Amino acid sequence: MSEGKEEPKPRTEYTDGKNIPNVWLVRPCESYKDEYTECASIRGRFHQYFIFGENSDCTQWKTDYENCMKYRLHNDIPALERVIQSESKRRYERLAPHYYNDVWKHRTSPPEDWNKPLPTKMQEEYKNTYLDHKAREYKASQT
Amino acid sequence: MADQSSGSTPVDKEDNWGYDLYPERRGEAAQAKWWQVALFGAGQVKTEKISCERNVYNCFQNSPLVKLMYSALKASGCEIDLRRHIACEVCDVKVSGGYDPRLNQIVICQNVARSKGMVQGILTHEMIHMFDACRHELSFKDLNHLACTEIRAANLTHCSFFSAMTQGDASFFRIQKQHAECVKNKALGSVLAVRPDVTKEEALAVIDKVFLKCYNDLEPIGRRVRRNSADMIRAYQERTNYGYE
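Structure (structure tokens):
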């Protein structure tokens with residue numbers, strides 16, 4: 607992604623956490639604590655056993671929480687970089703099965719007929735219905 | 014588009030299979046019989062419809078899973094219009110909802126799905142089919158594609174431990190990794206309902222063939238949410254890290 611631009615600075619040279627590439631991946635520290643608690647809880651463990659047949663490794667959430675707090679409290683830039691690295695890895699692990707799923711071909715653009723008009727009879731039925739009004743309200747609120 | 018939960022509307026064959034479960038799709042308004050009206054309070058089509066539509070709107074405003082699916086679809090270029098893409102109709106009691114690929118609409122069975130929880134489940138399930146149709150060259154005629162999208166929908170929206178137990182896929186002595194069994198059986202049910210020409214063995218063979226790839230493809234929700242936990246909210250909050258905003 608950054609080929610063709612200037613080389614990113616060597617890691618130790620960042621002094622302001624906001625300038626590190628991909629820092630937007632970092633969540634509020636409380637999220638990491640919450641995920642750790644869920645992962646290590648009894649119900650969470652049961653859920654993991656039900657799905658995977660074994661307990662998942664929760665330590666990464668704890669590590670991320672600690673590193674996140676180190677950055678927040680002491681401006682520890684290498685700690686922030688470790689969190690970014692962990693989030694990037696998590697992102698890769700989640701998206702890889704999606705992109706490697708070759709049961710179907712990936713589209714390059716959405717289907718053209720996504721919004722094709724409904725049959726006239728249906729359109730007439732839908733005029734002035736509850737959803738008709740709410741649909742417009744909802745669309746307006748989403749922009 | 015069958016089963017107690019939902020599935021996909023079947024493909025266009027000359028006989029229009031499966032559309033008999035959704036009589037309003039063919040233009041007939043379903044008439045309740047006298048004893049259904051007397052004993053079950055059936056036939057209140059207009060009030061049911063409004064109640065159903067209110068539940069739908071409520072889900073889009075408040076349900077983290079539905080909001081996440083909406084964001085994911087919008088980010089993929091397939092924004093949902095509440096009026097165009099969703100319809101509340103009276104259907105056969107065997108189904109609770111479905112996806113009509115011909116008109117690109119989610120159908121919610123107003124006479125079956127009466128609670129917000131059910132409507133949430135149906136919406137999320139069908140929006141996963143829409144997500145697959147939006148991002149991939151999905152052909153409901155292709156058994157592999159159908160199996161894959163049903164596996165993904167069952168994986169992400171159904172099969173909590175308790176529903177697996179009710180189905181018979183798990184018990185207190187058989188817990189380990191039973192989630193996958195539950196997903197397989199749910200997907201099998203959906204595929205068979207939509208494709209009555211396929212035998213159980215054929216369907217199982219196809220499901221087994223695509224299972225590994227499709228079971229691990231968790232987009233856009235990203236996790237198998239644990240019922241009665243904040244997992245739905247966590248999935249919603251982490252959506253920006255995966256491009257769904």
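Just so you know, the sequences run in chain order W and S. Take 607 as the starting number for the first sequence in our numbering and just add one per residue. Take 14 as the starting number for the second sequence in our numbering and just add one per residue. Even for Gly, the Cβ is constructed at its ideal location relative to N, Cα and C. Note that the coordinates shown come from a computational prediction; the quantities given were computed from them, not determined experimentally.
Within the DSSP bridge table, the entry for S/Gly110 names S/Ile121 as partners. S/Glu102 has S/Cys122 as its beta-bridge partners, per DSSP. Annotation for W/Gln748: the continuous alpha helix (DSSP H) segment containing it runs 736-748. In this structure, the straight-line span from the alpha carbon of W/Arg697 to that of S/Tyr257 is close to 13 Å.
In summary, the residues of the region 162-177 of chain S whose CB is separated from some CB of chain W by less than 7 Å are Phe174, in the order they occur in the chain.
About 5 Å separates the CB atoms of S/Val204 and S/Ala216; that is less than 8 Å, so the two are in contact. In this structure, the alpha-carbon of W/Lys639 lies about 15 Å from that of S/Ser242. Cβ neighbours of S/Ala183 within its own chain (closer than 7 Å, five residues either side excluded): Phe174, Ala177, Gln191, Cys195. Rounded to whole angstroms, S/Trp48 and S/Val106 show a C-alpha spacing of 15 Å.
Taking 9 Å as the threshold, the shortest C-beta distance from S/His192 to chain W falls below it. Residue contact check for W/Arg688 against chain S: no CB pair falls below 9 Å. In this structure, S/Val211 lies away from S/Phe153, with their beta-carbon atoms at least 9 Å apart.
Only those residues of the region 656-673 of chain W whose C-beta falls short of 9 Å from the nearest C-beta of chain S are listed: Phe656, Ile657, Phe658, Gly659, Glu660.
Taking 8 Å as the cut-off between beta carbons, the residues of the region 206-229 of chain S near chain W are Val223, Lys226, Cys227, Asn229, in sequence order. Excluding sequence positions up to five before and after S/Gln180, its CB lies within less than 8 Å of the CB of Cys195, Asn198, Lys199, all in the same chain and listed in chain order.
Sixteen is the threshold: since fewer than 16 other Cβ atoms of the shown chains lie within 10 Å of the Cβ of W/Pro725, the residue is exposed. S/Gly56 and S/Gln118 have their C-alpha atoms some 24 Å from each other. Nearest C-alpha to W/Ser692 among W/Thr621, W/Asn628, W/Asp622: W/Asn628. Boundaries for W/His712: no alpha helix (DSSP H) harbours it, and the DSSP string shows neither H nor E there. Boundaries cannot be given for W/Trp630, as no alpha helix (DSSP H) includes it and DSSP labels it neither H nor E. Taking 9 Å as the CB threshold, W/Pro703 lines the interface with chain S. By the Cβ neighbour-count rule, S/Pro209 is exposed, with fewer than 16 other Cβ atoms within 10 Å of its own. Ranked by Cα distance from S/Cys161, the first of S/Lys80, S/Asn229, S/Cys172, S/Ala85 is S/Asn229. Non-local C-beta neighbours of S/Glu61 in its own chain, meaning closer than 7 Å and more than five positions away in sequence, comprise Gln123, Asn124, ordered along the chain.
W/Trp667 and W/Arg649 have their C-alpha atoms spaced approximately 17 Å apart. Here DSSP, grouped into helix, strand and coil, assigns S/Ser184 to strand.
With 16 or more other Cβ atoms from the protein chains shown falling within 10 Å of its own Cβ, W/Lys740 counts as buried.
Within 8 Å of the CB of S/Val69, the CB atoms of chain W belong to Leu737, in sequence order along the chain.
Chain W has a Cβ within less than 9 Å of the Cβ of S/Gln118. By the criterion of at least three beta-carbon pairs nearer than 8 Å, the region 683-690 of chain W is not in contact with the region 704-713 of chain W.
DSSP lists W/His712 as the bridge partner or partners of S/His149. The C-alpha of S/Gln74 is placed about 12 Å away from the C-alpha of S/Met82. The closest CA to that of S/Val238, considering only W/Cys645, W/Arg633, W/Pro717, W/Thr665, is found on W/Cys645. Within chain W, no C-beta atom comes nearer than 7 Å to that of S/Asp182; the closest sits roughly 10 Å away. The beta carbon of S/Asp105 does not come within 9 Å of any beta carbon belonging to chain W, so the residue lies off that interface.
S/Asn254 reaches chain W at Leu631, Glu693, Arg697, counting residues in chain order whose Cβ is nearer than 7 Å.
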